[in-house]
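Undergrad: Below you'll find the structure I mean.
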Amino acid sequence: MPTTINGIGTHYYGKSNRSIRRGAACHSCGRVGDLQTYDTRLWFVVVFVPVIPLGRKTIIDECPKCRRHYAADQAKFAMARQLSLSGAREQFRADPTPEMATATHAQMVGFHAHDDAAAFRKEVLEQFPDDAQLRGALAEQLDQAGQYDAATPLVERAFELNPQLPEARNALALRRLVDGKLDEARALLNFMQEPGAGQLYPLMRLEQLARAYQKAGKHREALELSQHLLQELPDIGEHHKFRQFVATSEKKLGRPESMLPERGWSWRALFDSRSGRFSKGQRWAAYLSIVAALIVAGLCVLNEYRRGHRTVIVRNEFAPGATVTIDGETAVPDVSQSEIVLSEGTHHVTVKGAIAEEFDVDLETGYWQRWTHSPAWVINVGGAAPLMIETLHYAVNPRPSEFQLVVGDNLCFVPHVDYLFTTGPKRLEVGSDSNEVTKHQLSLAAEPPVALFRYALDNSSPESAIHYAENRLLLNPADDDLLKKYYTAMVERSQLERAKAFLKSQIARRPVLVGWHRMYHELHTTTAEKTALIADYDRWLAAEPNDAALLYLRGRLDPSSAEAQKFFDRSIAADAQFPWPWAALGYRACTRGDWKRARQCYDEALRRGFPEDLGSFMMLARLGLGEAAALEREYQDKLATLAPSDALPTLMLLIAVQGAQGHAAAARQSVEQWAAMVPPGELPPEAMTILRDIADLNAGDLNSVGQRVASGVASQPGRLVWLLISGKADEAAADATLANAWTDPWKALALSLALDLGGNREQAAVWREKACDALAQLGFDEVRAAELLRSPQPPELADLDEVELQPSDKAILVAALAHKFPAWHGELSAIAERLAVEPGGLSLLVHKATQTRPERGAP
Amino acid sequence: MTRAQFDSLVQALEQKFAGRYRTLAWRTALVAAMGYAGFLAWVLAIAAVGIAAFVGALFAPPVASVLLIIVGACVLAVALWQAVEVLWLPAPASKQTALRREQAPELFALLARLRRELRMPRIHRVLLSVELNASIQRRSRLGFLGWTRNVMTLGLPLMDLLTPAEFEAVAAHECAHLSPRHGRFAAWTYRVRGTWLLLVSRLQEPPKSSFSHTVRRALGRFFHWYWQRFHAYFFVMSRWHEYEADRCAAEWSGVEPAAAALWKIDVCSRRLDQRFWPELWRESTAEAQPPSDVSRRLLVFLAGPAEGHDADRWRQAAAQHITDNSDTHPCLSDRLAAFGGTLPRGEGGMPRPPSPSAAQAFLGTRLDELRGQADAVWREEAMPAWRARHGRAASIQRRLRDVEQTNSPTAAAGAAAVSTLWERAAAALELDGPAAAEPLLREVLASRPTHGMANLALGRALLERGNEEGATYLRRVLVEPDNALIPDACQTLARYFQTTGQADQMRAVYDELSLFQLAQSEGDGVSARDAFAAADLTPAELQALQSVLAADRQLQEAHLARKLLRHPSQRPLFVLCVGTRRGLFAGLSAERDAELVGRLIPRVRLPGSVLVISPHRQFRALGRKIKATPGSRIDVSAVDGAARPR
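If you read the sequences in order, they're chains L and G.
Residue numbers for the first sequence follow the numbering used here, beginning at 1 and rising by one.
Residue numbers for the second sequence follow the numbering used here, beginning at 1001 and rising by one.
Here is the structure:
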């Protein structure tokens, strides 16, 4: 049958030589209707437009209901029809007997030559006017062709001529049956109800009669006929339709015993359409059961296969330095990413080499999910690979994708992944406007490790984040940004011992990782620790006396300024291109307020490729040298080239130099311009408050800060500085929200100074002592600073030079000493003023202190 | 494949493998295996698609994998269905009760001896029947899938008729079919053939669905090609097996008992087939139940004398019967000659049951009991057919009464009289036998000598009695064009000539049958590839045609040719190619020609089938060929000197 899908396929076009069999039963659906026979042409069509002719066809007996039909090649059918009909006619001419007439007529009816058949009938009936058998046979053929109207006169005449003629009685019975005259039909079919009739006549009409009786509610008659059918055709007792028919009537009559024979079970009969023992529905149910069994078996096999063959991705960022084995036997290829197949369950993973760890991974999914989900397991060696799980939404107006960063975990399990280490498409067919398609993607995060670490610290498990940072640092020890962030995070989380242990693991590594050593130094805050460290370096230097890095590091630890200078000189001598000693020398100059020397040393360090940002120190040096205007231009130029997210450090420098020049409005404008460039929502309001306070303090605009403090919107640092400078040190000391700030010894010292300036000497002494206590717990320079503060004797200038502190801190120290020793106020104030080049902040307090001469003898 | 083609193939194989039995056995086994391979390739090809879907599912994404499993399951189910449809062909179950060892210890001792000596496998069941025959079968319980058991069936009449030594020869013959003497694969080949027979019969049933129709179209060509060849190989091998089994029988019992057994079986089988069984079944007309003592009746019948010249005729037929390719068993004379046996000499008449007979010797005191069992089994198995015959007979008698009441000899005339006569003759033939029907058949043929069924029935009845006049009636059938009875008439004639040793006549009849088979499809169509000749119409036929053609004003030219058919009895097939005047546009000419053809089809009358065409479209080449046939042109310019109307 021609078929089209979306207008593409085959189709008949055109109808000619149409003939209709009225009231005939369709051979396919069995419904009675007008069956058409016609000539047509079969086409290959596209959007129902005929494109390629596929041949002329003769369509035979097309059902108006189900459209099923026979199709024959038109030429062949026409040829066969001509030859058969002419041959049959000729045969009849040669042998003009009723038997031949019957055969010829059958040919004509068979080929749907209904007009020829009608003419031929007329001819032969004239020739054999009283042959009842001929009329009966012709009528039977017409009945089979559905031409009841044409057959009826023949039937009636045949019955008139020979009332005993079986063909005539049979055909007449059909008509009585159709008219609902069942008893008359039964009487006509009496010859079929004799014993043995089934051997001579087809008993189909009797079965039809039985069904008609059943339909009319005459079950007794129906069963009588069924009993006869069963006797004549014992095999019919096996046929499910007959059994169903008999059972229905027996049930209606309430007969306890059935006339139907016992029937054994047969598997073959169930599947054999020829057996007739089971209905089509039962047979289909059997077939479908087998299909269902195969499907179930297939699904079980699939499930079991998936359970036993899970693909696990091993992400080994340490490859080939680290080798991975699973369950002690499965060796994973030494590449950064590999796939291995494991069964579900718990597996033991052993990592050896650059990183050593052992852990268990549990691969498990739900039974049903094995058919519906594509899970992904990633064994992440050292948790070093940053994995990003993204949920992508595809729609006409899609929601933003959601993502989850997985770092630091040894196993990453995602229940379902559509795109595994591949990128999902930008666009996807979603069907309709209201539909949303969600896909899951697992990939490697492309952001720098430090950014991922920062994100992970804030948004996922800190422990995992630290694990990630440590292993990333092992992978790339030169990542100073990450190292610094790690250090900061560890300090913030007071995990100093862990950080110390981690950093120590790479201390003995050569060439020396200067950044690691410096962070390691920072973790050793007490004099005792630093002394121990010095001993370590001395030992290493004994082994490698000309290692410039070790010499530099040893120098930066040495409590003696002169000794340190020697180590720095040796370091420079050992490696003229090594920048670090120059930077150290620059720092020393800064701590003494020797800005010219500091500038020279920093330039040397930068010339030698100093890896870190010297921005703030260089700024101090250049501010000290009066290059504020030049600095402002440079910072403004640099700021223009930077993205808002990367511009904050430069902005801080810019507003510092603008403040140093007293350009308060310019500083505020710089802050506002930068804030305007930051995408909405990314800048928290408190950050802006801090920036505004810093800008105003840098420019010395205390009124603006004071207004914000009064209205309660000032930042904590801004408020702290404003209180100290505005003579409200008592209030600051009593403010619980600032309590944390006073743990910083320099802030505590500043508070002491502010209290002193405010006349509260008693409290000033208390806070100075607190500051001294805290300083005494820190390094050599801080201890020295504490000693100077506690000393009853004014400091020698040489003593002050030995104290190497941040210029701003040292300025506080010197200002405090100036107030302690009024006799030396002038000289010390000059030193403090020289050091307090950094605008804003506590420098304002230093300026205030240096401008306020204390009374003699105090304290 | 026609009968002649099959005979040629068998002959070629016999010549090719003459004296090389082992090669033949191997080749037959290979051909049998090829059948398996062909079918398995088909099933595996389907299954491979299903398995590929299953395997694909293991690596496909979740939803796709479930879909692939469903698709794979459906395809595998089809493969399974195909395999079951063909491979699961269990042989029909037998209702016969197996003989137990304690019932016939002597018989089982003989079989044990035969098994030992001939190194044959175990016989699982021994059955008793009421046939004058013995057979051994390897019955497969699962069709091609195997699980066979060996079943030996022994006919009680056979055991009654033969002496113990002769029976041993028959038993040895049957056992030889399972022995290694037939080669390693012989038994398997027999089993495969049995299954193929079931399969071929299954394939000959009409398809139940368009799907099975499609499958059959795909497999049918292979099956047809393969089956003919396998059957030919098997036939040659099987015939060799019969000779080999006869040699084995002669070795076991001696040449004389073996020869005597074969002769007795041959002669008495003819007697039973022509006398005992037809008469027994004729009892079903009157009796509603089959007799319960058939084996005793057989014994009495075999012990009684034969009528008239029947004994001589059957003895003569046994001696003169010639081998053909209808049966794997060679004729008696060939079988005897193969192992050096001769026809028994001495007294005439029919062989009688000896004393002691094999039945008495091997079944001993339990003979009567076993006879009763065999009778009961036969009765049960014959019951449905007996009842059907009984019912049919009653119906025929009733109908005959009706016919005679309605069409009294005076009332019925002409065609109706012939019809009534034939109905009575057919009823008599069925109810009372050929002898009773003969006068009526002659009466029918006197009224209508061309009555095909009457000719066939009378010819068959006469030849069965050895009356050569029967051939005359059968030959009348053979000259009727397109007569569907020709194959039956040929088979009857060939059987007669085979029985009377007329080999040339038999071959001629088979050739006739082959020609008929070949010509069967010739009349169905015409193409330009066929051969044509001038129509050779009689002047009257030609004039009638010219009149019809001349009456059509549009007709410009007409050519008539006759297709050359292979079988002389085929109805002539004419092709009339007509055309109108050529116009400027070919398309318009074609339309006009088509209309002309449409007008002429119902009017043209010729002594055979006629195809009226115009030389366009699909008939272009045919039209050219008809026109090019010498003498095909029909002059339509003048008819009987009258001017054509224009």
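For every residue, glycine included, the Cβ atom is placed at its ideal position computed from N, Cα and C.
Spell out the partners DSSP gives residue 402 of chain L in its beta bridges.
TA: L:391.
Undergrad: At the 8 Å Cβ level, is residue 202 of chain L part of the contact set with chain G, yes or no?
TA: So no, residue 202 of chain L is outside the interface.
Undergrad: Is the CB of residue 445 of chain L under 8 Å away from at least one CB in chain G?
TA: Answer no: the Cβ-Cβ gap between residue 445 of chain L and chain G never drops below 8 Å.
Undergrad: Would you say residue 1450 of chain G faces chain L, with C-beta separation under 8 Å as the test?
TA: Taking Cβ atoms only, chain L reaches closer than 8 Å to residue 1450 of chain G, which makes this a yes.
Undergrad: Starting from residue 1153 of chain G, trace the beta strand (DSSP E) in both directions and tell me its first and last residue.
TA: Where residue 1153 of chain G is concerned, the enclosing beta strand (DSSP E) stretches over 1148 to 1155.
Undergrad: Is the shortest distance between the beta-carbon of residue 1368 of chain G and the beta-carbons of chain L less than 8 Å?
TA: False, the Cβ-Cβ gap to chain L never drops below 8 Å.
Undergrad: If you follow the beta strand (DSSP E) that residue 17 of chain L is part of, which residue opens it and which one closes it?
TA: That run of the beta strand (DSSP E) goes 8 to 25.
Undergrad: If you compare alpha carbons, which of G:1276, G:1589, G:1176, G:1447 is closest to residue 1556 of chain G?
TA: Nearest option by C-alpha distance: G:1589.
Undergrad: As a quick exercise: from G:1330, G:1349, G:1579, G:1570, pick the residue whose alpha carbon is nearest that of residue 1609 of chain G.
TA: It is G:1570.
Undergrad: Considering only residues of the same chain and omitting the five flanking positions on each side of residue 421 of chain L, which have a CB-CB separation below 8 Å?
TA: Same-chain partners within the cutoff: 313, 337, 442, 443, 444.
Undergrad: What are the boundary residues of the alpha helix (DSSP H) that includes residue 672 of chain L?
TA: From DSSP, the alpha helix (DSSP H) with residue 672 of chain L extends over 664 to 677.
Undergrad: Quick check: the stretch 335 to 351 of chain L against the stretch 362 to 371 of chain L, are there 3 or more CB pairs under 8 Å?
TA: Enough Cβ pairs lie closer than 8 Å, so yes.
Undergrad: In the DSSP assignment, find the unbroken beta strand (DSSP E) run with residue 337 of chain L in it and report its ends.
TA: Counting along the chain, the beta strand (DSSP E) containing residue 337 of chain L begins and ends at 337 to 342.
Undergrad: Just to make sure I have the definition right: I need the residues of chain G whose C-beta is within less than 7 Å of the C-beta of residue 294 of chain L. Which are they?
TA: By Cβ distance, chain G contributes 1073, 1076, 1077.
Undergrad: I want to see whether chain G comes within less than 8 Å of residue 234 of chain L, judged by CB atoms only; does it?
TA: By this cut-off, residue 234 of chain L is an interface position.
Undergrad: Figure out for me which residue from L:802, L:787, L:165 has the closest Cα to the Cα of residue 816 of chain L.
TA: If we check each option's Cα against that of residue 816 of chain L, L:787 comes out closest.
Undergrad: Helix or strand or just coil, what does DSSP make of residue 430 of chain L?
TA: Residue 430 of chain L falls in the coil class under three-state DSSP.
Undergrad: Would you please state the rounded distance, in angstroms, between the beta carbons of residue 380 of chain L and residue 427 of chain L? I believe it to be under 8 Å.
TA: Rounded, the Cβ-Cβ distance is 31 Å, inconsistent with contact.
Undergrad: Tell me residue 44 of chain L's beta-bridge partners as DSSP assigns them.
TA: Answer is L:10, L:52.
Undergrad: Tell me, please, whether the stretch 467 to 478 of chain L touches the stretch 387 to 403 of chain L by the rule of three or more beta-carbon pairs shorter than 8 Å.
TA: As far as the Cβ criterion goes, the stretch 467 to 478 of chain L does not touch the stretch 387 to 403 of chain L, which means the pair count is below three.
Undergrad: Along chain L, in chain order, which residues have C-beta atoms closer than 8 Å to that of residue 1390 of chain G?
TA: Simply 196.
Undergrad: Using a C-beta to C-beta distance shorter than 9 Å, which residues of chain G count as neighbours of residue 116 of chain L?
TA: Simply 1602.
Undergrad: Under a three-way DSSP split, which group does residue 853 of chain L fall into?
TA: It is coil, neither helix nor strand.
Undergrad: In the DSSP assignment, what residue or residues form a beta bridge with residue 494 of chain L?
TA: None, per the DSSP bridge assignment.
Undergrad: Is the distance from the Cβ of residue 352 of chain L to the Cβ of residue 330 of chain L below 8 Å?
TA: In this structure, residue 330 of chain L does not lie closer than 8 Å to residue 352 of chain L by Cβ.
Undergrad: Going along the stretch 64 to 78 of chain L in order, which residues come within less than 8 Å of chain G, judged by CB to CB distance?
TA: Correct list: 75, 76.
Undergrad: Quick one: is residue 1205 of chain G near chain L, going by C-beta distance under 8 Å?
TA: It does; some Cβ of chain L falls within 8 Å.
Undergrad: Does any C-beta atom of chain L lie closer than 8 Å to the C-beta of residue 1618 of chain G?
TA: Answer yes: the Cβ-Cβ gap between residue 1618 of chain G and chain L drops below 8 Å somewhere.
Undergrad: Is it a yes or a no for the stretch 1481 to 1499 of chain G touching the stretch 1303 to 1310 of chain G, going by three-plus beta-carbon pairs under 8 Å?
TA: Output reads no: the stretch 1303 to 1310 of chain G does not touch the stretch 1481 to 1499 of chain G.
Undergrad: Extract the residue ranges of the alpha helix (DSSP H) inside the stretch 449 to 516 of chain L, only unbroken runs of 4 or more that lie entirely within it.
TA: You should have 449 to 459, 462 to 475, 480 to 492, 496 to 504.
Undergrad: What's the gap between the Cα of residue 885 of chain L and the Cα of residue 1080 of chain G?
TA: Nothing can be reported for residue 885 of chain L, as the shown portion of chain L is limited to 1 through 859.
Undergrad: Taking residue 1608 of chain G as the query, report the chain L residues whose CB atoms sit under 7 Å from its CB, ordered along the chain.
TA: Here the neighbours are 87, 90.
Undergrad: Following the continuous beta strand (DSSP E) through residue 414 of chain L, name the residue where it begins and the one where it ends.
TA: Residue 414 of chain L -> beta strand (DSSP E) spans 411 to 414.
Undergrad: Using Cβ-Cβ distances below 7 Å, what residues of the stretch 120 to 135 of chain L are close to chain G?
TA: Flagged, chain order: 128, 131, 133.
Undergrad: Quick one: what's got a C-beta closer than 7 Å to residue 2 of chain L's C-beta in the same chain, skipping five residues either side?
TA: Closer than 7 Å at Cβ, skipping near neighbours: 9, 10, 11, 12, 42.
Undergrad: According to the Cβ coordinates, are residue 303 of chain L and residue 211 of chain L closer than 8 Å?
TA: No, Cβ-Cβ distance for residue 303 of chain L and residue 211 of chain L is not below 8 Å.
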